[in-house]
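Trainee: Below is one structure. I have some questions about it.
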Amino acid sequence: MQKIIVICGPTATGKSALAVELALAYNGEVISADSRQVYTGLDIGSAKITESEMKSVPHHLIDIAHPNDYFSVADFQRLAQEKIKDVHSRRKLPILCGGTGMYIDAVVYDMKFPEVTANPKLRAELEQLSAPKLYKKLQELDPDRALEIDEHNPVRLIRAIEIATVLGSVPKIEISDSQYDTLFIGLELPKEELQERIEKRISDRIPALFDEIKKLHISGISFEKLHSFGLEYRFGSDYVQGLISIDEFKELLATKTWQFAKRQITWFKRNQNIHWFNPIHDKQKILKLVQDFLR
RNA sequence: GCGUCGGUGGUAGAGUGGUCAAUUACAACAGACUGUAAAUCUGUCGCCUCCGGGCUUCGUUGGUUCAAAUCCAACCCGGCGCA
């Protein structure tokens, strides 16, 4: 089995820097697993790695979609698996690095998503319905899926109905054993430290972020769309439009980013294969682990 | 100093004699996750609990009442108006 390294963990723990370091040390290439960094123009707000930070290490799956494009886990999965194959074929080590847990799992565990493409017309219609109505609809189409789905979650319900409309029912997802020999490295920091880093990152980016958002908006990306990207783009848009003050912006974003970090942690906690490290103090341990893995 | 409005759980803010441990929102904490995943959604949220219930709360103290966050009095604190 071909080897890959996964670097995951909550936001602002230094994943990108570690990826570059490992890539330089072990002849690797980085494949970003970040649902926002795939978009062109979302640079500052998504904390996209800069040219100089890359230190000449090739980075993939960054800037591969336009913000107005529809881009999904399935797209990411396909592209990432192709890219991993490509990197292996050049006898280099793929390093999958990012904070989007579902993207990572989709690639590593090869989740077989039902091949039903998004149907914008149907979605727009269904979005008008309340969750109970959507649930009733799904019950009629696929009672089995209805039993296990979250009946309050419109996003999930709509997707399930979309699938069932085409296939008749929602197929059970198969999660196969990983097709790769994977080393999972998770980065974690104590609560206070992570919160400080989050706050610092916000104030460091403050003027540049607003310029970026204005630029994106002028280039044809609606505030509604920007809002849907969440966090810096959501609250940054609110600020740029004058809906909230700068202090409200900082506080809101810090709070929401922390909540996001906790959601990421909750996701990754489930994966028992992850080796957790402190990015500042455990550098040697990480290097040793990687060395043993690659031997 | 007089008048007036107000002081409610981490915060904002309902409640204005019993159905109130107190609507709701936010925060906090835990969790879910089948093509939007930085999204979306759920649970807990005074203290204790053998989960039946028990105990202490709505500025403070005292009073009225079978019963008070809700009524009365005094006091303390804050806003506003007049001096």
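Numbering (the working numbering), first residue to last: 317 to 611.
From the three backbone atoms N, C-alpha and C, an ideal C-beta is built for every residue, glycine too.
Quick caveat: nothing in here was measured; it's all calculated off a predicted structure.
Hey, quick one: how far does the beta strand (DSSP E) through Glu345 stretch, first residue to last?
Mentor: Its beta strand (DSSP E) spans residues 344 to 348.
Trainee: Where Glu528 and Ala363 are concerned, what is the direct C-alpha to C-alpha distance, given to the nearest angstrom?
Mentor: Computed Cα separation, rounded: 12 Å.
Trainee: Have a look at Pro448 and Ile479 and give me their C-alpha separation to the nearest angstrom.
Mentor: When rounded, the distance between both Cα atoms is 18 Å.
Trainee: Under the DSSP definition of a beta bridge, which residues are partnered with His376?
Mentor: In the DSSP output, where bridge partners are listed per residue, His376 has Ile347.
Trainee: Nearest by alpha-carbon distance to Arg513: which of Ala570, Ile477, Phe576, Pro374 is it?
Mentor: That would be Ala570, whose Cα lies nearest to the Cα of Arg513.
Trainee: Assign Pro326 to one of two classes, buried (16 or more other C-beta atoms within 10 Å of its C-beta) or exposed (fewer than that).
Mentor: Pro326 comes out buried.
Trainee: Does the Cβ of Leu442 have 16 or more other Cβ atoms within 10 Å, making it buried, or fewer, making it exposed?
Mentor: Label assigned to Leu442: buried.
Trainee: According to the Cβ coordinates, are Ile400 and Leu338 closer than 8 Å?
Mentor: Cβ atoms of Ile400 and Leu338: not closer than 8 Å.
Trainee: State yes or no: is the C-beta of Ile347 within less than 8 Å of the C-beta of Leu499?
Mentor: Not a contact, by the Cβ cut-off of 8 Å.
Trainee: Beta-carbon separation of Leu610 and His591 under 8 Å?
Mentor: It is not a contact, given that the beta carbons lie outside the stated cut-off.
Trainee: Please determine, among Met418, Glu509, Glu398, Ile501, the residue with the shortest C-alpha to C-alpha distance to Ser388.
Mentor: For the residues Met418, Glu509, Glu398, Ile501, the minimum Cα distance to Ser388 belongs to Met418.
Trainee: Quick check for students: name the residue ranges of the beta strand (DSSP E) that lie wholly in the stretch 368 to 427, counting only runs of 3 or more.
Mentor: Runs found: 409 to 413.
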